[in-house]
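J.:
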Amino acid sequence: MPQTSHPAPGGFPPFIYGTAWKEDATHSLVRKALEAGFSGIDTANQRRHYVESAVGDAVAEAVKEGVTRREDIFIQTKFTYAEGQDHRIPYDAGADPATQVRQSFESSLKHLQTDYVDAYVLHGPSVRRGLADRDWATWRAMEAIHAEGGARRLGVSNIELDQLEALVDGAAVKPVFVQNRCYAQLEWDRPIRDYCRTHQIVYQGFSLLTANAFLLFHPGVRRIASRVGGTTEQVVFRFAIQLGMLPLTGTTSPVHMRQDLDCAAFTLTDDEVRYMEGIALP
Ligand SMILES: NC(=O)c1ccc[n+]([C@@H]2O[C@H](COP(=O)([O-])OP(=O)(O)OC[C@H]3O[C@@H](n4cnc5c(N)ncnc54)[C@H](OP(=O)(O)O)[C@@H]3O)[C@@H](O)[C@H]2O)c1
């Protein structure tokens with residue numbers, strides 16, 4: 083596999099394969115992603131959007147068949163509040179937050195057939211601004227799991243800047259990851275990315291293609307794609323990596339899996355990165 087000249091921050095995989103919305107295809111797609119060379123896998127104990135147990139089956143199968151080793155795979159899963167679940171809640175929704183986190187995490191370990199995860203992520207705060215007592219109780223429970231060695235690192239998703247600042251200020255175990263949706267119109271989540279950079283937090287960007295579909299036909303992006311001999315999708319991912327992001331892709335195509343990983347084969351110039359950064363600004 084080509085090496086990136088901009089290695090992922092913190093020695094993490096340069097790309098994460100996302101497993102949302104794959105339902106019955108989850109097992110075979112995770113298996114294909116591992117065979118294609120992905121070593122980072124994102125899931126959640128949220129049956130509404132993910133099949134965490136199928137992720138575990140695919141990883142176990144690939145390890146058993148010698149495709150990869152558990153210690154070479156970065157597995158990330160999430161705790162999701164009951165409001166983000168359908169009727170298939172993986173814990174007692176009437177229990178206190180600490181018990182909910184504990185039950186969800188134990189169920190994740192069973193699904194994933196492992197005794198630790200590389201990252202455990204709060205799927206999102208329970209309120210839009212600030213953090214509620216419930217978020218703190220949840221984070222403390224995640225910190226306890228981290229202290230016991232069950233989660234190597236903690237992270238948080240779908241978070242606003244004021245919430246991230248509060249979390250970093252009050253957390254005993256600081257988040258190592260932020261996972262957010264990334265819009266070019268919002269300068270690719272710039273305030274949060276800037277905060278992450280100055281606080282040694284790795285920014286994971288999702289919906290890089292789906293939230294910015296106009297870029298795939300944009301003449302400026304096409305020009306860069308033609309210069310580097312790649313696709314416009316690859317240019318967006320390569321740009322994200324050069325900005326310091328750890329991108330997620332949930333492609334269902336083995337050809338696109340290879341292309342996504344292969345964007346490490348070329349480098350955008352500083353001018354091209356600056357151009358992409360401001361591409362949707364007025
Ligand atoms: N924390 C959260 O709340 C949250 C929310 C949403 C997503 N996520 C995570 O992020 C992951 C990714 O989600 P996403 O929203 O970024 O994307 P996505 O829903 O997985 O969609 C990616 C899209 O890009 C296309 N694509 C990928 N590589 C391509 C290539 N090289 N050429 C052409 N098309 C390409 C795919 O089409 P093909 O299938 O045809 O390749 C697909 O339509 C999810 O699976 C999940 O793990 C997290």
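Residue 364 is where the sequence shown ends in our numbering, and the numbering goes up by one at each step. Beta carbons are placed, not taken as given, at the ideal position from N, Cα and C, and that holds for glycine. Being a predicted model, the structure only gives us computed values, none of them experimental.
Decide yes or no for the touch test of the stretch 306 to 325 against the stretch 131 to 149: beta carbon pairs closer than 8 Å, at least 3 of them.
T.: no
J.: Is any heavy atom in ligand 1 found nearer than 7 Å to the beta carbon of phenylalanine 299?
T.: The residue given as residue 299 occupies position 217 in the sequence shown. Distances between the C-beta of phenylalanine 299 and the heavy atoms of ligand 1 are all 7 Å or more.
J.: What are the boundary residues of the alpha helix (DSSP H) that lysine 256 is part of?
T.: Here the question's residue 256 lines up with position 174 in the sequence shown. No alpha helix (DSSP H) contains lysine 256, which DSSP labels as neither H nor E.
J.: Are the beta-carbon atoms belonging to threonine 331 and tyrosine 163 less than 8 Å from one another?
T.: Here residue 331 refers to the residue found at position 249 when the sequence shown is read from its first residue. Here residue 163 refers to the residue found at position 81 when the sequence shown is read from its first residue. Note that the C-beta distance between threonine 331 and tyrosine 163 is not below 8 Å.
J.: How about the stretch 273 to 280 and the stretch 290 to 309: do they share at least three Cβ pairs that are nearer than 8 Å?
T.: no
J.: Taking the Cβ atom as the reference point for each residue, do tyrosine 357 and glycine 312 lie within a distance shorter than 8 Å?
T.: Sequence index remark: in the sequence shown, residue 357 carries index 275 (1-based). Sequence index remark: in the sequence shown, residue 312 carries index 230 (1-based). No, these two residues do not count as a Cβ contact at 8 Å.
J.: Quick one: is lysine 114 buried, meaning 16 or more other Cβ sit within 10 Å of its Cβ, or exposed?
T.: For the purposes of this step, residue 114 is taken as residue 32 along the sequence shown, with counting starting at 1. Classification for lysine 114: buried.
J.: Once you ignore the five residues that flank glycine 287 on each side, which residues in its own chain have a CB closer than 6 Å to its CB?
T.: As a position in the sequence shown, residue 287 is number 205, starting the count at 1. The answer, listed in chain order, is Cys264, Ala322, Met327, Pro329.
J.: In chain order, what residues of the same chain have a beta carbon less than 7 Å from the beta carbon of alanine 102, not counting five sequence neighbours either side?
T.: Here residue 102 refers to the residue found at position 20 when the sequence shown is read from its first residue. For alanine 102, where only same-chain residues beyond five positions count, the Cβ hits under 7 Å are His131, Tyr132, Gly332.
J.: Could you pull out every residue in the same chain whose Cβ sits closer than 7 Å to the Cβ of valine 145, ignoring the five residues on either side in sequence?
T.: Taking the first residue of the sequence shown as position 1, residue 145 is located at position 63. Answer for valine 145: Arg151, Arg152, listed in chain order.
J.: For aspartate 217, which residues from the same chain have a beta carbon less than 6 Å from its beta carbon, with the 5 sequence-adjacent residues on both sides left out?
T.: Numbered from its first residue, the sequence shown carries residue 217 at position 135. The answer, listed in chain order, is Pro207, Ser208.
J.: Return the Cβ separation of valine 284 and isoleucine 274 in integer angstroms, given the expectation that the two are a contact with Cβ distance under 8 Å.
T.: Working through the sequence shown from its first residue, we reach residue 284 at position 202. Working through the sequence shown from its first residue, we reach residue 274 at position 192. In fact, because the Cβ distance is near 12 Å, the residues do not count as touching under 8 Å.
J.: Which partner residues does tyrosine 132 have in the DSSP bridge list?
T.: Along the sequence shown, one-based indexing puts residue 132 at 50. Beta-bridge pairing links tyrosine 132 to no other residue.
J.: Output yes or no for whether 8 Å exceeds the beta carbon distance between glycine 237 and valine 199.
T.: Residue mapping note: residue 237 aligns to position 155 of the sequence shown, counting from 1. Residue mapping note: residue 199 aligns to position 117 of the sequence shown, counting from 1. Cβ distance not < 8 Å, so glycine 237 and valine 199 don't count as in contact.
J.: On a Cα-Cα basis, can you pick out the residue from Gln195, Asp174, His338 that is closest to glutamine 185?
T.: Residue 185 sits at position 103 when you count from the first residue of the sequence shown. Glutamine 185 has its Cα closest to that of Asp174, out of Gln195, Asp174, His338.
J.: Whose CA, out of Arg210, Phe156, Gly232, Ala180, lies closest to the CA of glutamate 242?
T.: Reading the sequence shown from its first residue, position 160 is the one you call residue 242. The residue with the shortest Cα to Cα distance from glutamate 242 is Arg210.
J.: What is the rounded straight-line gap between the Cα of glutamine 167 and the Cα of histidine 205?
T.: The residue you call residue 167 lines up with position 85 of the sequence shown. The residue you call residue 205 lines up with position 123 of the sequence shown. C-alpha separation (whole angstroms): 11 Å.
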